[in-house]
Structure formats: C-alpha cells, structure tokens
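Colleague: Numbering (the working numbering), first residue to last: 1333 to 1765.
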Amino acid sequence: MVTITGIISGSPADKVGVKAGMLLISINGHSVRDVLDYMFYASETEVNLLIEDNHEQKTFHIEKDEYDDLGLEFESFLMDKKQSCSNKCVFCFIDQMPPGMRETLYFKDDDARLSFLQGNYVTLTNMSQEDVDRIIEMKLNINVSVHTTNPELRVKMMHNRFAGEKLKFLWQMAEAGIKLNCQIVLCPQLNDGAELERTLTDFGKMLPNITSVAVVPVGLSKYRKGLYPLIPFTKETAGNAIDTIERYQQQFLEKFGTRAVFPSDEFFLIAERPIPPEEYYEEYPQYENGVGMLRSLADEFHQALDSADPLEAPRNVSVATGRSPYEFLCKLFQEAQERIQGLQIHPYCIRNDFFGESITVTGLITGQDLVAQLKGQELGDELLLSSAMIRRDSDVFLDDYTISQVEEALNIKIRIVPSDGWELLDALMGIVY
C-alpha cells in the first residue's frame, strides 16, 4: 500500500472521488509496489482502484483514454526509496571527488526504475530475478553499465562478488526482446585490448536487441589515494581503442545494418583524430554519453552560420571551456569571426584545478576555477558557459558556486548555452528570443 498525498484537480481520480490521505492497495487486482507498477497498470482504459479509507476498503471504477494519467500524487517520485549502488567500481568518479562537497553529490544510485524513467545506467547487481521478470513483462527498455562480459574481470572491476553472475540477466533480457543500451567505461590495461574484443564479440551475439553501446574513457581526478592504480589514455592507446571499436562497427554494419558500438568524442580528441561525419553516428543513440555531441554541434553551427543575418552592432564576447574541446571550438569560433563582420570572440581554456589537470571535460569545470582563471581577462560584453557546467534545474556549479557569485566576482554577465550549434551562434551574436 502507498499513501496518496494529492489529487490533480479535474483528473479521472478526482472525478470519481478519490481523496488525498487514502491508501492505494491495487490497480485492476495488481498490487502497487512503486511507480513502475503504477504507470504500467494504470495505462488501461478501464481501471479499478482498490483503496483503503479509514480502515475500510473501497473500489473506484475509472474509464479514461489509454495512457491518460489517473491524477494521483505520491510523497516521492518513485513511491519508495531510491536504490543505492552496492558496487565500488575501480573507475567510479564519485569515489574520486574531494571531501566537503554537497552530500547529495556522493550518493550513487543503481536503480533500474530510473533507467526506464530518466535514462540512468544500472549495473544489474541490485536486481533480482523478480525484477528482471517484471522488466520483461512490462517490455521496458533499459540502460546497462556492462564494462566487460568477462565475469571474473567484472567482479574485479566492480568490487562486487555478484557482478559476474548478474551478467546472466543481460542475456535473459536480450533473449526476451528487451531493448538494451549499454555502456563501457574503458580502462587501459584492464578491460581494453583483448578484453574489449571479448565484450564486443558477446554484444554481437545479443544484437539487434542491444541497440547501442557507448565506450567512454575512464576519468581520473587527483583524489585517487588508496584507489586502484588506473592510468589515463594516451594518444596511442586511445587510437588503438578506436581501431578495435571500428573493426566491430564494420562487422555489425554488414550483418545488422548498424554500427551499434560507438567511441565517445573524448577518444577522438585524445587520439588527435578528426571527429567523424554525421553518418558515423546514425541517429545519435548515445548522444547523452558524449557520443557525437561535437559532430552535432559543429553541423548545427555551420547551418546556423549559413543563414545568419549581419550583426546590428559590434559584439565582443568570451567563452570558457574545458581543455578537451577547446581547439575544436576555436576552429568554429574562427569561422564565425571570418564570416560575421563585427563579431569578436575570446575563447578561454580552463584548467581543472579543482579535480586535477587530467580532468579536461567542460562539464566538470567549477565556479572557483572560472573565477581564479578569468579574473582580469578580457571578457567582453558577456561570458558564455556550457549548460553542462550547471547542475540540472539549478544555477549551481559542482562546487556550489552560483552563477550570480561568478558574475559578481568577474563583473560580467553570464549566459548559459545548451549543447546546440544554433543556440551557440545566437549566444555569440547576442540574439535573444
């Protein structure tokens, strides 16, 4: 049973007299454990709610359009507690964060429901056979952090004695037709080379139900005392990883009509290789994992440039970014300055002193590093920052600096820009809609 904390006015539940404070027992005879049960069983056109009200059970009959929301509200989004991670992966970035940060940043979730609802990746180690059966019954798609299909190596990498055994769930779901997006955090001398080949060979046996795989390089902060001795990728080892992945891409493309497995943009930057063309990324299935972001950004930016109007007045603007995409972005900015008269752009490469210089991605830049390194620099009329630096639905950087604090410290107006080429050019030109 779960307590109903609110009713949306005018909703189907409101119209039949369901009230806040009542207890939801079942929907169409099915007990409701969490939000997945609720969403699945409440999607029917005819719904019978078994409710407890003042220790008395009542049934409310509702007729509605398929998938229309009943209008019930609960104390938490999941209707119960979020499942935390039971692993201690050798590459986990949360374990590499400095002390003293916001408590919520140290929480590791590993909840299959958030995979379906929010696109989070799960490791399967928290899941039971009952959980897998429910996913198969509900025909849910799921995102899985696999890292390796070698059971012994997976136990070693995840420091969880069940990590290898739970790989059976991956095979079960694939055989049942569940669509799986997978992720590999690649660590040199651990799960690359022959181990990567083994993993991709196994994935080939699960295609096409494994719909896409992102391979991302391990990120190493300066806070690794007492942790497994990992090493970063070099130009050579990143290139080797790309070559291995692209051999399998060709096999999968010929057999299944899709490349299926994709190296993240970071690999190409480390290997100092060109970002591939649009067709390489197909429908960008792993965009949120940093796969194809730069290609999409550049293509959109060039389209925007081709249709850009002249500036009404000169524009002087600055952009701060991480070391990884800095040179790539500088080329785009140079093109914009050459084609748009009166546009002056000052790009700044921000060194990550907070997490360590080996962290080069834009999304992990902190407010204090921006302030320390941009103080006294020519910033122009406005400072543009990627939305990747800001925590979702907030104005806060990872170190709890706010946008307004950085603005005040640098005496500059900040504009947050999404990862979109059209919006980037608009921001550079000062266009506001």
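We treat Cβ as the ideally placed atom computed from N, Cα and C, and that holds for glycine.
The alpha helix (DSSP H) spanning Thr1335 covers which residue range?
Modeller: Within the sequence shown, the letter at position 3 stands for residue 1335. Per DSSP, Thr1335 belongs to no alpha helix (DSSP H); it is in the beta strand (DSSP E), 1334–1339.
Colleague: Bridge partners of Ala1630, per DSSP?
Modeller: Taking the sequence shown and counting its residues from 1, one reaches residue 1630 at position 298. Paired residue(s): none; Ala1630 is not in a bridge.
Colleague: Of all the beta strand (DSSP E) runs that stay within the bounds of the stretch 1637–1689, which reach a length of 3 or more residues?
Modeller: Segments of the beta strand (DSSP E) lying fully in the stretch 1637–1689: 1647–1653, 1675–1681.
Colleague: Below 8 Å, can you find three or more Cβ-Cβ pairs linking the stretch 1526–1541 to the stretch 1580–1599?
Modeller: Cβ pair count under 8 Å is three or more, so yes.
Colleague: Are three or more beta carbon pairs between the stretch 1710–1730 and the stretch 1690–1699 nearer than 8 Å?
Modeller: Touching, yes, given that three or more Cβ pairs across the two stretches are closer than 8 Å.
Colleague: Does the beta-carbon of Asp1725 have 16 or more other beta-carbons within 10 angstroms, so that it is buried, or is it exposed?
Modeller: The count along the sequence shown starts at 1 and reaches residue 1725 at position 393. When all chains shown are included, Asp1725 counts as exposed.
Colleague: Among the residues of its own chain, which have a CB less than 6 Å from the CB of Pro1646, if the five just before and after it don't count?
Modeller: Locating residue 1646 in the sequence shown gives position 314, where the first residue counts as 1. Answer for Pro1646: Gly1674, listed in chain order.
Colleague: In chain order, what residues of the same chain have a beta carbon less than 7 Å from the beta carbon of Phe1423, not counting five sequence neighbours either side?
Modeller: By 1-based counting over the sequence shown, the position of residue 1423 is 91. Val1517, Cys1519, Val1550, Leu1562, listed in sequence order.
Colleague: Please report how far the alpha carbon of Glu1667 lies from the alpha carbon of Leu1757, in whole angstroms.
Modeller: Against the sequence shown, residue 1667 aligns to sequence position 335. Against the sequence shown, residue 1757 aligns to sequence position 425. Taking the straight line from one Cα to the other gives about 11 Å.
Colleague: Can you tell me the Cα-Cα spacing of Arg1556 and Cys1421, whole angstroms?
Modeller: Residue 1556 sits at position 224 when you count from the first residue of the sequence shown. Residue 1421 sits at position 89 when you count from the first residue of the sequence shown. Those two C-alpha atoms are separated by around 13 Å.
Colleague: Closest by CA to Cys1417, which one among His1491, Tyr1616, Asp1534, Asp1346?
Modeller: Translated into positions along the sequence shown, residue 1417 becomes position 85. Of His1491, Tyr1616, Asp1534, Asp1346, the residue nearest in Cα terms is His1491.
Colleague: Spell out the partners DSSP gives Asn1458 in its beta bridges.
Modeller: Counting from 1 along the sequence shown, the entry for residue 1458 is found at position 126. For Asn1458, which the question treats as bridged, DSSP gives no partner whatsoever.
Colleague: On a CA-only basis, which of Val1478, Glu1469, Ser1460, Val1464 is nearest Val1454? Give me that one, please.
Modeller: Residue mapping note: residue 1454 aligns to position 122 of the sequence shown, counting from 1. When only C-alpha atoms are compared, the closest one is Val1478.
Colleague: Between which two residues does the beta strand (DSSP E) carrying Lys1347 extend?
Modeller: Taking the first residue of the sequence shown as position 1, residue 1347 is located at position 15. It is not in any beta strand (DSSP E) - Lys1347 instead sits in the alpha helix (DSSP H) that spans 1344–1348.
Colleague: Judging by CA-CA distance, which residue of Leu1382, Asp1369, Arg1365 is the nearest neighbour of Ala1345?
Modeller: The residue given as residue 1345 occupies position 13 in the sequence shown. With distances taken between Cα atoms, Ala1345 lies closest to Leu1382.
Colleague: Please state if the CB of Ile1607 and the CB of Thr1653 are separated by a distance shorter than 8 Å.
Modeller: As a first step, residue 1653 must be located in the sequence shown, where it is residue number 321. As a first step, residue 1607 must be located in the sequence shown, where it is residue number 275. Contact flag unset, no.
Colleague: I'd like to confirm the pairing. Which residues does DSSP put opposite Leu1322 in its beta bridges?
Modeller: Lying before the first or after the last residue shown, residue 1322 is absent from the chain, which here runs from 1333 to 1765.
Colleague: Taking DSSP as the reference, what is the three-state secondary structure of Glu1604?
Modeller: Position 272 of the sequence shown, counted from the first residue, corresponds to residue 1604. Note: Glu1604 maps to coil in three-state DSSP.
Colleague: Since Asn1572 and Arg1530 should fall inside the 8 Å C-beta cutoff, what is the C-beta to C-beta distance between them, to a whole number of angstroms?
Modeller: For the purposes of this step, residue 1572 is taken as the residue at position 240 of the sequence shown. For the purposes of this step, residue 1530 is taken as the residue at position 198 of the sequence shown. Not really, about 15 Å apart at Cβ, beyond 8 Å.
Colleague: Starting from Arg1530, follow the alpha helix (DSSP H) in both directions and report where the run begins and ends.
Modeller: Counted from its first residue, the sequence shown places residue 1530 at position 198. Per DSSP, Arg1530 belongs to the alpha helix (DSSP H) from 1526–1538.
Colleague: Can the beta-carbon of Thr1335 be found closer than 8 Å to that of Glu1407?
Modeller: Start at 1 with the first residue of the sequence shown, and residue 1335 comes out as number 3. Start at 1 with the first residue of the sequence shown, and residue 1407 comes out as number 75. It is a contact, given that the beta carbons lie within the stated cut-off.
Colleague: For Thr1576, which of helix, strand or coil comes out of DSSP?
Modeller: Taking the first residue of the sequence shown as position 1, residue 1576 is located at position 244. Helix at Thr1576.
Colleague: Would you call Met1761 buried or exposed, if buried means 16 or more other Cβ atoms sit within 10 Å of its Cβ?
Modeller: Here the question's residue 1761 lines up with position 429 in the sequence shown. When all chains shown are included, Met1761 counts as buried.
Colleague: What's the call for Asn1475, buried or exposed, on a 16-neighbour Cβ count within 10 Å?
Modeller: Residue numbering aside, residue 1475 sits at position 143 when the sequence shown is read from its first letter. So Asn1475 ends up on the buried side.
Colleague: Taking the alpha carbon of Met1721 as the reference point, which residue from Gln1669, Ile1746, Leu1742 has its own alpha carbon closest?
Modeller: Here residue 1721 is taken as the residue at index 389 of the sequence shown, counted from 1. Looking at the Cα atoms, Ile1746 is the closest of the given residues.
Colleague: By how many angstroms is the C-alpha of Asp1685 removed from the C-alpha of Asp1701?
Modeller: For this step, residue 1701 is matched to residue 369 along the sequence shown. For this step, residue 1685 is matched to residue 353 along the sequence shown. Spanning the two alpha carbons is a distance of roughly 7 Å.
Colleague: Pull up the distance between the alpha-carbon of Phe1501 and that of Val1703, whole angstroms please.
Modeller: Stepping through the sequence shown from its first residue, residue 1501 is reached at position 169. Stepping through the sequence shown from its first residue, residue 1703 is reached at position 371. Looking at the two C-alpha atoms, the distance is approximately 47 Å.
Colleague: Cα separation between Leu1664 and Thr1569?
Modeller: Indexing the sequence shown from 1 puts residue 1664 at position 332. Indexing the sequence shown from 1 puts residue 1569 at position 237. Straight-line Cα distance between these residues: approximately 27 Å.
Colleague: For Thr1694, does the three-state DSSP call read helix, strand or coil?
Modeller: Taking the sequence shown and counting its residues from 1, one reaches residue 1694 at position 362. It is helical.
Colleague: Between Gln1618 and Phe1584, which are expected to be in contact by the criterion C-beta below 8 Å, what is the C-beta distance as a whole number of angstroms?
Modeller: Here the question's residue 1618 lines up with position 286 in the sequence shown. Here the question's residue 1584 lines up with position 252 in the sequence shown. Rounded, the Cβ-Cβ distance is 14 Å, inconsistent with contact.
Colleague: Look at Leu1404 and Ile1357 and say whether their C-beta atoms are less than 8 Å apart.
Modeller: Residue numbering aside, residue 1404 sits at position 72 when the sequence shown is read from its first letter. Residue numbering aside, residue 1357 sits at position 25 when the sequence shown is read from its first letter. Result no, Cβ atoms of Leu1404 and Ile1357 do not sit closer than 8 Å.
Colleague: From the DSSP secondary-structure annotation, give me the bridge partner or partners of Cys1514.
Modeller: Locating residue 1514 in the sequence shown gives position 182, counting from the first residue. Val1476, Val1545, per the DSSP bridge assignment.
Colleague: Is the separation between the beta-carbon of Gly1753 and that of Glu1614 shorter than 8 Å?
Modeller: To locate residue 1753, count along the sequence shown from 1; it is residue 421. To locate residue 1614, count along the sequence shown from 1; it is residue 282. Not a contact, by the Cβ cut-off of 8 Å.
Colleague: Anyone know if the C-beta pair for Ala1506 and Leu1499 falls short of 8 Å?
Modeller: Along the sequence shown, one-based indexing puts residue 1506 at 174. Along the sequence shown, one-based indexing puts residue 1499 at 167. Against a cut-off of 8 Å, the Cβ pair of Leu1499 and Ala1506 comes out as no contact.
Colleague: Can you list, in chain order, the residues of its chain whose CB lies under 6 Å from that of Gln1275, leaving out five sequence neighbours each side?
Modeller: In the structure displayed, the chain extends from 1333 to 1765; residue 1275 sits before or after that span and is not available.
Colleague: Relative to the alpha-carbon of Met1459, which residue among Ala1495, Val1651, Leu1437, Lys1567 has its alpha-carbon at the smallest distance?
Modeller: Here the question's residue 1459 lines up with position 127 in the sequence shown. Met1459 has its Cα closest to that of Ala1495, out of Ala1495, Val1651, Leu1437, Lys1567.
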